[in-house]
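Reading through the structure tokens given below for one structure.
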Amino acid sequence: MKSKTSRLDRFVSQNTDFSISDTRLLVAQKRILVDGLPAYSVQQKVTQFTHVVLDGRCLKNNDPVYFMLNKPKGVVSATKDLKHRTVLDLIQHPRKNELHIVGRLDLNTTGLVLLTNDGAWSRLISLPETKLAKTYEVTVSEPLIDEYVAVFREGIYFAYENITTQPACLEILSEYTARLSLVEGKYHQVKRMFGYFRNEVLALHRVSVGNISVAGLGVGESRPLTEKERCC
Ligand code: URA
């Protein structure tokens, strides 16, 4: 079987946050081992069978990638679109074209979007049975009243899907703002839940999914998830 070869600097840049040009320094500092020996050149050939270790960590071409993005308004949760900028346009990663979106947000919804190439992980995050809270900050057009809290906790019937929504936790923050935690992600779910009370959602921001929070990330910024976040 013929194996695909690649230059060491390209391989390193595709599998780490280091760039092709950073690799020269990594080689000079003897931080890269190729099949157990210090790398001697950025042009060294590696294949999928080569064992490449950087700072003690084994690099593999099929390493999964996990990213978070703070989606701005007007950016579409898709990987391709003819009209709008997509979430993928805001990600800088050499293998970004492998990524898919874990739980889309509407065009005008802002906040946390997760992307990965690990299908098993995204299924786990999305399954209602996992009971992972997706938390949103919501601004509505009509005053909020305590009755919402009980109705959201009981569940709302969605005729189109013939389902009742899972218990959701609503915390009223002010007359027009609330924090809502859901364990599922039906189409336009938050807007439809407030729609039950004929209350229009004027602004919607996803702040977290499980223990992964968008706090601290600027609008339009993205970064890889930490190991702790991935284990949410
Ligand atoms: N619910 C909505 O209605 N819109 C979103 O973007 C996310 C959840």
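With this note's numbering applied, the sequence shown closes on residue 1506, and no number is skipped along the way.
All C-beta atoms, glycine included, are put in the ideal place defined by N, C-alpha and C.
For residue j and residue i, believed in contact at Cβ under 8 Å, the rounded distance
i: tyrosine 1410; j: valine 1464; result: 6 Å
i: glutamate 1449; j: leucine 1418; result: 6 Å
i: leucine 1381; j: glycine 1348; result: 6 Å
i: isoleucine 1375; j: serine 1351; result: 5 Å
i: leucine 1362; j: lysine 1370; result: 6 Å
i: lysine 1228; j: arginine 1281; result: An answer regarding residue 1228 cannot be provided, because it is not within the stretch 1275 to 1506 covered by the chain.
Sheet register partners of residue i (DSSP bridge)
i: leucine 1343; result: Val1387 and Ser1496
i: arginine 1453; result: Glu1411 and Glu1445
i: phenylalanine 1432; result: Ile1437
i: leucine 1311; result: Val1308
i: histidine 1479; result: Thr1384 and Glu1411
i: lysine 1319; result: Arg1281
i: leucine 1328; result: Ile1306 and Arg1331
i: histidine 1374; result: Thr1390
i: serine 1293; result: Per DSSP, none; premise fails for serine 1293.
i: threonine 1353; result: In the DSSP output, where bridge partners are listed per residue, threonine 1353 has none listed.
i: serine 1287; result: Looking at the DSSP assignment, serine 1287 forms no beta bridge with any residue, so it has no partner.
i: isoleucine 1264; result: Here the chain covers residues 1275 to 1506 and nothing more, so residue 1264 does not appear.
i: threonine 1360; result: Val1350
Own chain partners of residue i with C-beta closer than 7 Å, once the 5 adjacent residues on each side are dropped
i: asparagine 1473; result: Val1414, Ser1415 and Glu1416
i: lysine 1405; result: Val1457
i: valine 1495; result: It should be pointed out that residue 1495 corresponds to glutamate in this sequence rather than to valine. The residues are Asn1344.
8 Å CB neighbourhood of residue i in its chain, flanking five on each side removed
i: phenylalanine 1407; result: The sequence given here has alanine at residue 1407, not phenylalanine. Once the five neighbours on either side are set aside, the close Cβ partners of alanine 1407 are Cys1443, Ser1455, Leu1456, Val1457, Ser1482, Val1483 and Gly1484.
i: arginine 1504; result: Tyr1340 and Trp1395
i: isoleucine 1365; result: Phe1341, Leu1343, Leu1373, Leu1389 and Ser1496
i: asparagine 1427; result: A quick correction: the sequence has arginine, not asparagine, at residue 1427. Hits under 8 Å: Pro1441, Ala1442, Cys1443 and Leu1444.
i: glycine 1488; result: With the sequence shown as reference, residue 1488 is identified as valine, and glycine is not the correct amino acid for it. The answer, listed in chain order, is Met1342, Asn1344, Gly1385, Leu1386, Arg1480, Val1481 and Ser1482.
Cβ shell of residue i (< 6 Å), same chain only, five flanking positions each side left out
i: isoleucine 1446; result: Leu1418 and Ala1452
i: aspartate 1283; result: Ile1294, Thr1297 and Val1316
i: valine 1327; result: Leu1307
i: valine 1493; result: Asn1344 and Pro1346
i: valine 1286; result: Phe1292 and Thr1297
i: isoleucine 1486; result: Glu1503 and Cys1506
i: threonine 1383; result: Leu1478
i: tyrosine 1422; result: Leu1444
| said: Please output, in chain order, the residues near ligand 1 using a CB cut-off of less than 5 Å to any non-hydrogen atom of the ligand. | reply: Leu1379, Asp1380, Thr1383, His1462, Gln1463, Val1464 and Lys1465
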